[in-house]
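To start, the structure under review is shown below, and the notes come after it.
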Amino acid sequence: MADLSVQIGSLRLKNPVIAASGCFGYGVEYAPVVDLSTLGGVAVKGLFLAEREGHPPPRIVETPAGMLNAIGLQGIGVHRFVAEKLPELRRLGAIVIVNICGSTIDEYCEIARVLDDAEGVGAIELNISCPNIKAGGIQFGCSLTGTRDVVQAVRRATRLPLIPKLTPNVTDVASFARASEDAGADAISLVNTFLAMAIDVETRQPKLTNVVGGLSGPAIRPIAVRMVWECRQAVKLPILGMGGIANATDALEFIIAGATAVQVGTQNFVDPLIWTKVIDGIDDYLTRHRLARVADLVGTLHLPVKEHAWSES
Amino acid sequence: MLVDVDAEVVENARLSPDYNVIALGAPAIAAISRPGQFVMVKPQAGLDPLLRRPFSIFEIRRDAGGRPTGLTLLNKRVGAGTSLLYDAKPGDRVGCFGPLGQPFVPVDPPAHAWMVAGGVGLAPFVTLAEALAARKTPATLFYGARSAADLYGVSTFERLGVRLVLTTEDGTRGEQGRVTAPLERELGARHAAEPVTIYACGPTPMMRAVAALGDRARRPVYVSLEPVMGCGLGGCYSCVVPVRRGTGQHFVRSCIDGPVFDARTLVWEGLAGH
């Protein structure tokens with residue numbers, strides 16, 4: 003068995019496979035089917051300071067090889083999370099990555115301080131990329147100064163590893179990776195969903211109540227891989243790569259492109275028992291390729307010599 | 002316990018150009034399922050359609066010794082996934098995960114159990130009728146459909162000793178009109194001291210009407226909802242329904258808090274879109 007452990011800032015993960023935020027509830031819902039301690043980590047559903055109701059249904063619609071969602075970050079708020087879910091996650095042996103979202107920088111900081119005081123939080127994933135809410139989130143993630151300001155402010159509010167989650171809905175995602183690095187982030191997650199919409203042509207109505215939503219699933223994977231590769235070249239930070247990962251091969255693609263760890267989201271809906279398949283598949287690959295550590299595979303893309311020369315000319 | 006089975010299609014009985022009953026070899030799920038629970042079904046491998054679909058467990062199939070051998074689903078062809086299940090052939094493989102959700106709680110005698118089904122909403126009532134028969138609870142099925150050809154499984158309920166009240170919109174079998182009409186009459190004729198518990202599944206307007214009738218007659222009503230679902234396990238928050246909380250409302254996940262709800266807890270105005 004190869005060494006699957008990876009380092010994300012000060013956080014050591016036993017393997018690089020993490021359940022993606024928004025696709026795994028608060029983690030505890032999955033305890034009947036998955037041993038949470040076997041995962042690299044669990045990124046829980048995005049939390050605001052207070053409870054939120056989210057958007058009226060329908061909140062999801064299927065599209066070719068993917069789905070749109072506009073949940074609107076329904077959630078129990080950080081205080082109830084710490085009181086009701088965190089102790090259970092600790093008991094289950096999960097490495098907990100808490101995804102947080104705010105309408106203002108002060109709200110982000112306040113949530114971070116609450117988590118800093120709590121027992122059992124492994125890292126904070128800073129959601130500056132949710133496409134489905136009016137205030138906050140993507141407003142910070144679509145502006146370089148906004149990204150820098152919120153990362154800097156939260157950096158001062160917590161000692162926990164800080165992982166901004168970037169949106170792909172920008173022209174140059176690498177510049178947002180650099181802004182995060184400059185502002186003191188420990189790692190970056192990418193990508194969140196692609197802003198998208200679907201229309202019922204018979205009724206001429208949008209298929210989602212929110213009109214637009216975020217596209218996820220295998221349909222977005224090649225774009226996400228490209229973005230991870232661009233960010234790998236722009237920053238030294240560890241990257242948590244995601245976007246349509248449905249098996250070990252998909253995960254390896256992200257790792258070779260430059261992701262230190264990967265997150266699995268939509269495919270967990272299709273196959274709630276996917277985890278061991280991805281983890282074992284990565285291990286098998288490493289054995290087959292005579293690699294002792296998954297960390298040695300990160301960012302090892304072999305560029306064809308000819309194309310390489312062309313791209314630099 | 003939850004089980005994921007790569008289930009073999011044992012039989013596919015096409016009842017009409019829209020409806021079929023598909024039998025799956027999933028004994029491990031059948032053995033532990035309770036009335037009104039559902040499974041998440043992936044009609045075929047591959048990326049399109051991507052997601053699983055929720056289905057009530059229609060019947061538990063058993064061998065001569067009474068051991069569960071599998072389960073059936075009552076399917077109505079409406080989209081890509083349900084078309085694949087309509088067209089499935091014996092020997093095909095279908096992903097089947099479950100059993101999921103809060104079950105019906107069958108009432109005990111001397112109470113009467115009245116089941117109210119509209120169309121494909123019949124699906125959760127075979128397993129409930131079996132549980133009621135095992136308790137010797139007197140049971141009635143009010144069952145409405147468009148036409149006589151759309152009334153399925155009637156003999157199954159007769160075998161279980163269920164009293165049948167059938168309605169069709171075109172009057173080709175039973176009473177012409179909506180299933181709520183005979184329900185309203187019988188509720189009105191029933192003495193208040195005789196306990197009745199109502200279970201309903203079907204189109205949202207039908208369930209809402211049943212909830213209102215039950216409320217007026219002071220009879221408990223339990224409904225089984227069928228919203229769009231992403232995961233079935235509480236992970237995605239897409240299948241939410243509004244329930245009363247204080248003076249307002251609150252969205253809860255129908256996959257883990259339902260699909261069976263006490264009708265009085267629901268905010269029916271907010272369910273209109275389903």
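Line by line, the protein sequences are chains G and L. Here the numbering used here is used: position 185 in the first sequence is 187, and no number is missing along the way. Here the numbering used here is used: position 216 in the second sequence is 217, and no number is missing along the way. Where a beta carbon is used, it is the ideal one built from N, C-alpha and C, also for glycine.
Going by beta-carbon coordinates alone, are residue i and residue j separated by less than 8 Å?
i              : j              : result
F50 (chain G)  : G27 (chain G)  : no
Y238 (chain L) : F262 (chain L) : no
L293 (chain G) : A4 (chain G)   : yes
L3 (chain L)   : F126 (chain L) : no
I130 (chain G) : G143 (chain G) : yes
K90 (chain L)  : V10 (chain L)  : yes
G243 (chain G) : L192 (chain G) : yes
A236 (chain G) : V280 (chain G) : no
V63 (chain G)  : I99 (chain G)  : no
P240 (chain G) : A67 (chain G)  : no
G277 (chain L) : A134 (chain L) : Any question about residue 277 (chain L) goes unanswered here, given that chain L covers just 2 to 275.
V117 (chain L) : V22 (chain L)  : no
I198 (chain G) : V214 (chain G) : The question names Ile, but residue 198 (chain G) is Ala in the sequence shown. In this structure, V214 (chain G) lies closer than 8 Å to A198 (chain G) by Cβ.
L6 (chain G)   : I247 (chain G) : no
I102 (chain G) : L15 (chain G)  : no
L75 (chain L)  : A27 (chain L)  : no
R209 (chain L) : W269 (chain L) : yes
S225 (chain L) : G37 (chain L)  : yes
G235 (chain L) : R254 (chain L) : yes
K209 (chain G) : P60 (chain G)  : yes
L25 (chain L)  : L72 (chain L)  : yes
K137 (chain L) : V272 (chain G) : no
V264 (chain G) : I257 (chain G) : yes
V95 (chain L)  : A32 (chain L)  : no
T205 (chain L) : A112 (chain L) : no
Y200 (chain L) : A81 (chain L)  : no
V156 (chain G) : E232 (chain G) : no
Which whole-angstrom value is the C-beta distance of residue i and residue j, which I expect to be below 8 Å?
i              : j              : result
G203 (chain L) : G120 (chain L) : 6 Å
F59 (chain L)  : F39 (chain L)  : That belief does not hold up - the Cβ atoms of F59 (chain L) and F39 (chain L) are roughly 10 Å apart, past 8 Å.
N153 (chain G) : G186 (chain G) : With the sequence shown as reference, residue 153 (chain G) is identified as Val, and Asn is not the correct amino acid for it. Rounded, the Cβ-Cβ distance is 6 Å, consistent with contact.
P34 (chain G)  : T211 (chain G) : Rounded, the Cβ-Cβ distance is 30 Å, inconsistent with contact.
D151 (chain L) : S17 (chain L)  : 7 Å
L88 (chain G)  : G42 (chain G)  : About 18 Å separates the two Cβ atoms, so there is no contact after all.
L129 (chain L) : F158 (chain L) : Between F158 (chain L) and L129 (chain L) the Cβ distance is about 10 Å, and since that is not below 8 Å, they are no contact.
A21 (chain G)  : N270 (chain G) : 7 Å
A212 (chain L) : A264 (chain L) : 4 Å
G301 (chain G) : P163 (chain G) : G301 (chain G) to P163 (chain G), Cβ: 20 Å. No contact.
Residue i: which of the options sits nearest, CA to CA?
i              : options                        : result
G233 (chain L) : L:V268, L:G102, L:G26          : L:G102
A114 (chain G) : G:P166, G:G143, G:E204, G:I140 : G:P166
K47 (chain G)  : G:V35, G:M69, G:S23            : G:S23
R161 (chain G) : G:G243, G:C111, G:A181         : G:C111
A146 (chain L) : L:G122, L:L133, L:R136, L:A46  : L:G122
G267 (chain G) : L:L52, L:K90, L:V241, L:D88    : L:L52
R54 (chain G)  : G:L217, G:L75, G:R82           : G:L75
H251 (chain L) : L:I257, L:G259, L:V242, L:D258 : L:V242
I30 (chain L)  : L:A264, L:D93, L:R68           : L:R68
G95 (chain G)  : G:G148, G:R61, G:D37, G:A159   : G:D37
R2 (chain G)   : G:T173, G:L197, G:T205, G:R82  : Nothing in the structure corresponds to residue 2 (chain G), since chain G is present only between 3 and 315.
S145 (chain G) : G:R157, G:V19, G:P170, G:E90   : G:P170
S177 (chain G) : G:V156, G:D202, G:R150         : G:R150
A179 (chain G) : G:T147, G:G245, G:F83, G:E255  : G:T147
A193 (chain L) : L:P221, L:A213, L:A201         : L:P221
T65 (chain G)  : G:C132, G:T289, G:S218         : G:S218
G29 (chain G)  : G:R92, G:A120, G:L70, G:H81    : G:R92
H81 (chain G)  : G:N71, G:L117, G:P163          : G:L117
M69 (chain G)  : G:D286, G:C25, G:T205          : G:C25
G104 (chain G) : G:G124, G:G77, G:A120, G:G139  : G:G139
### Query
So, do the segment 293-303 of chain G and the segment 275-282 of chain G have three or more beta carbon pairs nearer to each other than 8 Å?
Contact between the segment 293-303 of chain G and the segment 275-282 of chain G is absent, because fewer than three Cβ pairs lie under 8 Å.
### Message
Any contact between the segment 189-198 of chain L and the segment 163-179 of chain L? By contact I mean 3 or more CB pairs, one from each, below 8 Å.
### Response
Taking a contact to require three or more Cβ pairs closer than 8 Å, the segment 189-198 of chain L and the segment 163-179 of chain L do not qualify as touching.
### Message
Tell me which residues of the segment 213-235 of chain L have at least one Cβ-Cβ distance to chain G shorter than 7 Å, keeping chain order.
### Response
Answer set for the segment 213-235 of chain L: P228, V229, G231, C232, L234, G235.
#### Entry: Residues from the segment 81-98 of chain G in contact with chain L, defined by Cβ distance under 9 Å
The segment 81-98 of chain G vs chain L, Cβ under 9 Å: nothing.
### Task
Give the residues from the segment 237-253 of chain G that approach chain L closer than 9 Å (Cβ to any Cβ), ordered along the chain.
Against chain L - using a Cβ distance shorter than 9 Å - the residues of the segment 237-253 of chain G are A248.
### Query
When Cβ atoms are compared, which residues of the segment 269-302 of chain G fall closer than 7 Å to chain L?
Residues N270, F271, V272, P274, L275.
### Selection of the segment 41-65 of chain L by Cβ proximity to chain G, strictly under 8 Å
Hits within the stretch, in order: K43, L48, D49, P50, L51, L52, R53.
### Query
Taking Cβ-Cβ distances below 8 Å as the criterion, which residues of the segment 254-272 of chain L are in contact with chain G?
So the list reads I257, G271, given in the order they occur along the chain.
### Message
By the 8 Å beta-carbon criterion, what residues does the segment 20-38 of chain G contribute toward chain L?
### Response
Residues of the segment 20-38 of chain G that bring their beta carbon within less than 8 Å of a beta carbon in chain L comprise G24, C25, F26, G27, E31, Y32, P34, V35, in sequence order.
### Interface positions of the segment 14-45 of chain L facing chain G (Cβ-Cβ less than 7 Å), listed along the chain
Listed by position along the chain: K43.
### Message
Short of 9 Å Cβ to Cβ, which residues in the segment 79-113 of chain L face chain G?
### Response
Within the segment 79-113 of chain L, the residues whose Cβ lies closer than 9 Å to some Cβ of chain G are G80, A81, G82, G96, F98, listed in chain order.
### Task
With 9 Å as the C-beta to C-beta threshold (strictly closer), list the residues of the segment 207-222 of chain G near chain L in chain order.
So the list reads T211, G219, P220, A221, given in the order they occur along the chain.
### Task
Taking a Cβ distance cut-off of 8 Å, strictly less, list which residues of the segment 46-61 of chain G are near chain L, in chain order.
Hits within the stretch, in order: K47, E55, G56, P58, P59, P60, R61.
#### Entry: Cβ-based contacts, 9 Å cut-off: residues of the segment 133-160 of chain G near chain L
Listed by position along the chain: nothing, the set is empty.
### Message
Output needed in chain order: residues of the segment 61-78 of chain G with a Cβ under 7 Å from some Cβ in chain L.
### Response
Residues R61, I62, E64, P66, A67, G68, M69, N71, I73, Q76.
### Task
Pull out every residue of the segment 238-249 of chain L whose Cβ sits closer than 7 Å to any Cβ of chain G, in chain order.
Going along the segment 238-249 of chain L in chain order, one finds Y238, S239, V241 with a Cβ nearer than 7 Å to chain G.
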